[in-house]
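Once you know that position 42 of the sequence shown is 42 in full-length UniProt numbering, the rest is easy, because the numbers rise by one and skip nothing. From the three backbone atoms N, C-alpha and C, an ideal C-beta is built for every residue, glycine too.
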Amino acid sequence: MLSSRLQDVLDGRWAHVRKAARTALAGDKFVTVQGETIDEARERVTRLLRELPADPGVAAGFPIEYGGGSDPGGSVVAAEMLAQIDLSLMVKAGVQWGLFGGAVTALGTKHHHDLYLRDIISADLLGCFAMTETGHGSDVQQLRTTCTYDPATETFDLHTPHEAARKDYIGNAARDGRLAVVFAQLISGGKRYGVHAWLVPIRDDEGNPLPGVTIGDDGHKAGLLGVDNGRLSFDHVRVPREMLLDRYGQVAPDGTYSSSIDNDVRRFFTMLGTLVRGRVVVGGSAANAAKSALTIAVRYGESRRQFGAPGEEREIALNDYLAHQRILTTNLANAYALHFAQDELVGALHEVQTAEGPVDEHRQRQLESRAAGLKAAQTWHATRAIQAAREACGGAGYLAENRLPGLKADTDVFTTFEGDNTVLLQLVAKGLLTGYRDAFGSLDGWGRATFVADQVRSMVLERTAARGLIERLIDAVPGRDEEVALTNRGWHLALFEDREKHLLDGAVRRLRKNASLKPSRQFDIFNDVQDHVLATAQAHIDRIVLEAFVAAIDRTADDEARALLSKVCDLYALTTIEAHKGWYLEHGRISPARSKAVTGMVNDLLRQLRPHMPTLVDAFAIPDEWLDAAILREEPTRQQTMATHDAA
């Protein structure tokens, strides 16, 4: 079957992890339970967490010597699979093994690994990742919690100085966490050394808060009921010196601070860079949840009929309406494009985190930038696609038994955690601007502005994959757009690249102008062009997603699968161009006639892809038990169909 051949392409490098998940987690044991109370959901998710396989599984990223699989890429893919089953379980696992365990692994040393990793992997020791504060979320460098070293006792004094400095929204904190990785400002000998992390016990064996630790419950949220988000405050809590996660910064018994990275800012970004896996998981999991929603809506659209055609006795299937295809098939094209971009990103993460020898800083910064941009693109896609699927199922889509309201509620916060999306796009843009400066020289004074993060580096228009193929496709495009077929892949790539280059050049020009007019107003220099900078970042992500799709098609061996993927890629490219046709028209990149032709070709592609809609969602290979939607278990009755028709 074509769907199974497409599945092979989608499953990709970590096919064994995806297949193991479909086998080990088969049935309805792990799926979301509708109508639970918050306590019931938390109890169920915590119990199931301990029954998840470690390898292949979310815990596969840990070192082999402690019971993991030394497979960071596989751990990301395993988390993505959990997102199709129960998003609370996925987030709980992500907190335990990705954030908490990942921080101990990446920021700790052998001492910490020997003491804690085995119990973290088995979930015998549940923990939290306490970074975000009520008053500081994305701006981690400015956290207010302090941890001051006292050489007389060889302990740190961990303190929350005011209410805005409490740790908030912390997964595993309200109910289950026994140990927390707490991020705070390290102070020794009266000097600040920036943000570091400590392992801090927060509960005793009976689950009671330890002296000086105040624990609160964030209570009911819009979704993710099974995750016990809470608040932590510390009133001069004594933390032994050995509990500092000291891979990048050490404090001697006498209080002397040392680090292999002298610069505080560079050290901070290096520490955060090691934790990038969490951001990659959030983006991929959101996109996988969207696949579940689209699968439900497409399958429902095959059986659900609405209104009759003149001269026809049978009513028309929802999926036969062009408007419905505009909603679902275009989102399917985005889902495929983002899947291949995520696959490429996971591969890059795996290579960086398993490489031997010194860290390749350029590859690390490039990974961080792409993870930031794709997380924003994927989570916004999930928000749009799940809402579109909900609406496409009409009133049935509003019923909890059909899974869509739960997916919508559970994924809504994905646009916020692991980095607010707007902030992440600024991170991408700053990387591009820094790359521009490195490639083309000074930005005439603007480069001194405080918002430039030298640590976030990305060479301008650096290819994601298949560099030679993409450049050949672009070079082969004829000079005049009107002479080029609307489905010419080189033309798509050239338009995407041109938009990014032009926006980047324009942003640099505006920044230079502002720097000359407002040299002492550093905030205004950037803030006045923030819209332009964000548009540049979005264009960059659009391009790398398209390039990843093109690379995936190139490595697809099956001719029929390759042909279908090519049409889906055409649809992704042309709907993106259509969405930005105002820009292309304003800047003379396409003519009005060409613009109209793009819309016509999109509609033609939708008609061509109509017979393949079920095949495209079947290739996601999501088991029916995981979808758990009542509307897929039985076709609407003839009486229901006729009643709707009569009412109309």
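Reduced DSSP secondary structure (H/G/I, E/B, other) of residue i
i, result
"C393", "coil"
"F620", "coil"
"R241", "helix"
"A197", "strand"
"P614", "helix"
"T274", "coil"
"P358", "coil"
"Q7", "helix"
"S233", "strand"
"P310", "coil"
"G447", "For G447, the predicted model reports a pLDDT of 43, less than 50, meaning its position is unreliable; a value from the coordinates is still stated below. Note: G447 maps to helix in three-state DSSP."
"I631", "helix"
"G127", "strand"
"I419", "Checking the displayed sequence, the identity of residue 419 turns out to be Gly instead of Ile. Coil."
"A320", "For the sequence presented, residue 320 should be read as Asp rather than Ala. Helix, per DSSP."
"G216", "strand"
"M459", "Any reading at M459 is ruled out, since the residue's pLDDT is 36, under 50, leaving its predicted position unreliable."
"H159", "strand"
"S258", "strand"
"L486", "coil"
"D168", "strand"
"A106", "helix"
"A21", "helix"
"L493", "helix"
"T576", "helix"
Close-in-space but distant-in-sequence residues of the same chain around residue i (CB under 6 Å, 5 per side omitted)
i, result
"A83", "M90, S285, N288, A289"
"residue 649", "Past the boundaries of the shown model lies residue 649; the chain is included only from 1 to 648, so the question cannot be answered."
"A376", "N421, L424, L425"
"V17", "P56, G74, V77, A78"
"A372", "L424, L427, V428"
"I631", "Y300, A396, N402"
"R238", "T155"
"I120", "G101"
"L337", "What sits at residue 337 in the sequence shown is Ala, not Leu. Closer than 6 Å at the Cβ level, and outside the excluded window around A337, lie V545, F549, Y572."
"S188", "Y149, V251, G255, Y257"
"D628", "V31, R403"
Short Cβ contact (7 Å threshold) for residue i with residue j
i, j, result
"S3", "T615", "yes"
"L606", "Q325", "yes"
"V495", "L473", "Contrary to the premise, residue 495 reads as Leu rather than Val in this sequence. No, the Cβ-Cβ distance between L495 and L473 is not below 7 Å."
"A548", "E344", "yes"
"A551", "L6", "no"
"R510", "V484", "no"
"L294", "N331", "yes"
"L117", "L245", "no"
"I316", "G230", "no"
"R390", "L404", "yes"
"V181", "A197", "yes"
"T411", "A382", "yes"
"P209", "L179", "no"
"L349", "V281", "no"
"V477", "A507", "no"
"S233", "I622", "no"
"T536", "L504", "yes"
Minimum C-alpha distance to residue i - residue among the options
i, options, result
"Q306", "N319, T295, R299", "N319"
"R384", "L158, T329, D343, V346", "T329"
"P611", "Q185, T46, E43, Y321", "Y321"
"H136", "F62, T109, D168", "D168"
"T37", "S369, D228, R299, E163", "D228"
"A597", "T487, F526, V200", "T487"
"R512", "D360, N263, F526, A337", "F526"
"H540", "Q366, P592, D604", "Q366"
"L125", "P161, A93, T379", "A93"
"residue 697", "L115, L52, I64", "In this structure the chain extends from 1 to 648, so residue 697 is not present and cannot be described."
"F268", "G278, G249, G255", "G249"
"E163", "N172, T134, Q142, L186", "T134"
Chain C contact for residue i (CB, 7 Å cutoff)
i, result
"Q426", "Absent from the structure is chain C; it holds one protein chain and no more."
Spatial neighbours of residue i in its chain, beta-carbon cut-off 7 Å, leaving aside the 5 residues before and after
i, result
"D150", "D157"
"S566", "I553"
"L48", "F30, L89"
"K518", "D524, I525"
"Q353", "P72"
"E302", "A317, N319, P614"
Same chain only: Cβ atoms within 8 Å of residue i, ignoring 5 sequence neighbours per side
i, result
"G479", "none"
Item to complete: Could you say if the segment 269-277 and the segment 94-107 meet the contact criterion of at least three C-beta pairs nearer than 8 Å?
Response: Cβ pair count under 8 Å is three or more, so yes.
Worksheet item: Is the segment 580-587 in contact with the segment 27-45, if contact means three or more CB pairs nearer than 8 Å?
Response: Short answer: they don't touch.
Worksheet item: Are the segment 37-46 and the segment 409-422 touching, with three or more C-beta to C-beta distances below 8 Å?
Response: Below 8 Å, too few C-beta pairs join the segment 37-46 and the segment 409-422 to call them touching: fewer than three.
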